[in-house]
Every structure is written in C-alpha cells, then in structure tokens.
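Each remark here refers to the structure printed beneath this line.
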Amino acid sequence: METTLIILKPDAVQRGLCGRIITRFEEKGLQIVGMKLMQISQDLAATHYKDHASKPFYPGLVRFMTSSPVVVMAVRGIGAITICRNMMGATFGSKANPGTIRGDFGVSNSFNLIHGSDGPEAAARELGIFFKAGEVIEFPRASEAWIYDASGGKPE
Ligand code: IDP
Ligand code: MG
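Shown next, in the form of structure tokens:
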C-alpha cells in the first residue's frame, strides 16, 4: 500500500472542480485518508517546490500556489503514486491526453489544476510537510473486499 500527496490547486478550487476531481479518485477505488482546505504560505510553497527553485517558472508557480486556497489530500492504494500521476496526465493542460484530469479540465501550461507526488520519497516528504500527525487516518474501508481481490492471500 502506498499513500501519495495530491493538491487540488487554486484554479481547481476557484473553478469549482474539486468535487469532480475527487470523484475520479473515489470511483477509481483509491481511498482518501486525509483531506483539508488550506492556504499555502510562502514558506510552505518554497519548501514544497524546493527542487524547482532555479527554474524560470518558479516565481510564478509560488505566486499561483499561494494566491488562493487549495485542497490537499492523502490518497491511498496499491501503486497509488503511479496511478494518480497517470490520472493527472502530462504537466501542461495543452498536451495532456483526454481522459486525464489535466487533459479534460484545462488548457493552461501553468494553471494545471493538480499536484501529485512523483515517487515514494517525494510522497513521504510531501505528506510530512502538509499533514500533521493524526490528520492522515488509515481507517478500514467497508468496500475493501470488492476493490481488491484478496482471495489469493494478498490483495491484488
Ligand atoms: P508536475 O506537476 O507534472 O510534476 P513539474 O515539472 O514537477 O510538473 O512542475 C511543477 C509545477 O510547476 C507544474 O505542475 C506547473 O504548475 C509548474 N510548471 C512546470 N513547468 C512550467 C512551465 O514551463 N511554465 C509554467 N509553469 C510550469
Ligand atoms: Mg513534479
């Protein structure tokens, strides 16, 4: 089981798309184990995007991410990190394939609706900076037995 950090960016919140995006993760069978509306501070944006600090788009990215509230989510499932990245689509809305979140809901190359951790190390780091202890809740899910086939001993 993996847990990944998803951020519904300011454009998703302002455009009223959060419900439709969250629904996609629920319908896929992923479990939401943490979720909150929050305003990202300058410091938090800088910590989160530290690897991009030297990129030309960095100042605009920080301005965008701190401009209006976001919804942050912890999303759990087997292979959740890659599944979520595939559901998000390519970085630029103009290039993302139809059927993906960025491909279906946006055309912009900077207002691209959603962030998802890009690997296990990033997921652990990012979950740690956005959620305090106790805010991610690993609770048993009533539907679990119909989401994964556990007949062979381990869920698949
Ligand atoms: P990702 O979000 O698909 O992992 P990254 O390359 O890690 O893409 O970039 C982080 C974020 O920075 C993107 O989601 C997007 O908001 C922004 N970004 C990336 N490249 C550009 C660009 O060329 N122009 C404007 N914003 C960009
Ligand atoms: Mg990235």
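The sequence shown begins at 5 in our numbering and counts up one residue at a time. For each residue, glycine too, the CB sits at the ideal point set by N, CA and C.
heavy atom of the ligand IDP below 7 angstroms from residue i C-beta
i, result
"LEU9", "no"
"SER58", "no"
"HIS119", "yes"
"THR95", "yes"
Check whether residue i and residue j have beta carbons under 8 angstroms apart
i, j, result
"PRO73", "LEU48", "no"
"LEU117", "ASP15", "yes"
"PHE115", "PHE68", "yes"
"ILE87", "LYS32", "yes"
Residue nearest to residue i in terms of C-alpha spacing, selected from the options
i, options, result
"HIS119", "VAL140, GLU125 and VAL75", "VAL75"
"GLY20", "PHE109, ILE10 and ILE141", "PHE109"
"ILE25", "ALA137, GLY93, SER45 and TYR53", "GLY93"
"ALA165", "LYS13, GLN35 and ALA128", "The structure shown does not extend to residue 165, since the chain is modelled only from 5 through 160, so no value can be given for it."
"THR104", "PHE29, LYS59 and LYS13", "PHE29"
"ALA22", "ASP55, LEU9, PRO63 and MET77", "Reading the sequence as shown, one finds Cys at residue 22 and not Ala. When each option's Cα is compared against that of CYS22, the closest is MET77."
Contact test: residue i Cβ vs the ligand MG heavy atom, cutoff 7 angstroms
i, result
"ASP122", "yes"
Residue(s) in a DSSP beta bridge with residue i
i, result
"HIS119", "ILE11"
"ALA78", "LEU9 and GLY38"
Residue ranges of each beta strand (DSSP E) run of no fewer than 3 residues wholly in the stretch 65-114, ordered along the chain?
74-81
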